[in-house]
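Asks: FYI, the numbering for the sequence shown is 130 to 364, going by our numbering.
Glycine included, each C-beta is placed from N, C-alpha and C at the ideal position.
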Amino acid sequence: MTITATDGDSRGARASRAEVIHRDIVRAILEQRLGPGTKLGEDEVGAIYGVSRTIVRAALQSLAHEGIVVIEKNRGAFVAHPTVKDAAEVFSARRLIEPVITELAAANCDAAGAKLLAEHFAREKQAEREGDDRAAIRLSGEFHLVIARIAGQGVYENFLRELVARSSLIILLYRRSRAQCCKVDHHAGLVEAITSGRAEDAVRQMTVHLDEIEQELELVETAMPAKPLSELLAG
Ligand SMILES: [Zn+2]
Numbered sequence: 130m131t132i133t134a135t136d137g138d139s140r141g142a143r144a145s146r147a148e149v150i151h152r153d154i155v156r157a158i159l160e161q162r163l164g165p166g167t168k169l170g171e172d173e174v175g176a177i178y179g180v181s182r183t184i185v186r187a188a189l190q191s192l193a194h195e196g197i198v199v200i201e202k203n204r205g206a207f208v209a210h211p212t213v214k215d216a217a218e219v220f221s222a223r224r225l226i227e228p229v230i231t232e233l234a235a236a237n238c239d240a241a242g243a244k245l246l247a248e249h250f251a252r253e254k255q256a257e258r259e260g261d262d263r264a265a266i267r268l269s270g271e272f273h274l275v276i277a278r279i280a281g282q283g284v285y286e287n288f289l290r291e292l293v294a295r296s297s298l299i300i301l302l303y304r305r306s307r308a309q310c311c312k313v314d315h316h317a318g319l320v321e322a323i324t325s326g327r328a329e330d331a332v333r334q335m336t337v338h339l340d341e342i343e344q345e346l347e348l349v350e351t352a353m354p355a356k357p358l359s360e361l362l363a364g
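Below, the structure is given as structure tokens:
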């Protein structure tokens, strides 16, 4: 790889621009605007953000590291297309770490944590009430990350961020209907249990919730036609 600093930016500024692209791509995946297999052309992404290929490449590589993007030699970068096996592994990892995160969150939830969770949940309900599907889907995934934030474990939170993004791709590929992945009433019960410090109850609810999300999926190999990025962004 050739590193060129044509824009004359400092290393720090390049890193933060790469982070913006990283964040936006994850957000588009969480909102299910960017689907599995979408090509992420370096030039095209660079033109959208007005940045060099070096910066785009840094963003794509960090996404690839997280399993969200796949970089194929001589073909470029694509949004990952998780297989049935990947899906099973992602949910297995979530079933393993989310009960621990939930237990910690219930144990550590102070007034600030309770406010954070309640406010996030209110935004989720509002998006659903207003029929804003994109926001509702993203916020329902981020709800799980807010719980990890309250748990106060950065490593778990980062790990879960990757798993939630990959779950969005899995849900997009394998869901049985167009129904939302997380049910608002499940989240209501979790808010209640976590903010009142009922750790055991919260863990039980999280386990049931994750099982239900997985049961909504039909885990058989499927194909989703790749569309050009310009077409996806034009809508
Ligand atoms: Zn959920």
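Looking only at its chain, what residues have a beta carbon closer than 7 Å to the beta carbon of Leu192, apart from the 5 residues adjacent to it on each side?
Replies: So the list reads His151, Ile154, Val198, once near-sequence residues are dropped.
Asks: Considering Ala173, what are the terminal residues of the alpha helix (DSSP H) in which it resides?
Replies: A small correction: the amino acid at residue 173 is Glu; Ala does not occupy that position in the sequence shown. Where Glu173 is concerned, the enclosing alpha helix (DSSP H) stretches over 171-178.
Asks: Exposed or buried, Ala241, counting other C-beta atoms within 10 Å across all chains shown (16 or more means buried)?
Replies: Exposed.
Asks: What's the gap between the Cα of Leu159 and the Cα of Ser297?
Replies: Taking the straight line joining both Cα atoms gives about 6 Å.
Asks: Where do the N-terminal and C-terminal ends of the alpha helix (DSSP H) with Gly141 fall, by residue?
Replies: Note, Gly141: alpha helix (DSSP H), 140-159.
Asks: DSSP three-state label for Leu346, please.
Replies: Three-state DSSP puts Leu346 in a strand.
Asks: What number of angstroms, rounded off, separates the C-alpha of Ala313 from the C-alpha of Val349?
Replies: The sequence shown places Val at residue 313, rather than the Ala named in the question. When rounded, the distance between both Cα atoms is 27 Å.
Asks: Taking only heavy atoms of ligand 1 into account, decide whether any of them is closer than 6 Å to the Cβ of Cys311.
Replies: Yes - ligand 1 has a heavy atom lying nearer than 6 Å to the Cβ of Cys311.
Asks: Can you say whether Gly260 is buried or exposed, counting buried as having 16 or more other CB atoms within 10 angstroms of its CB?
Replies: When all chains shown are included, Gly260 counts as exposed.
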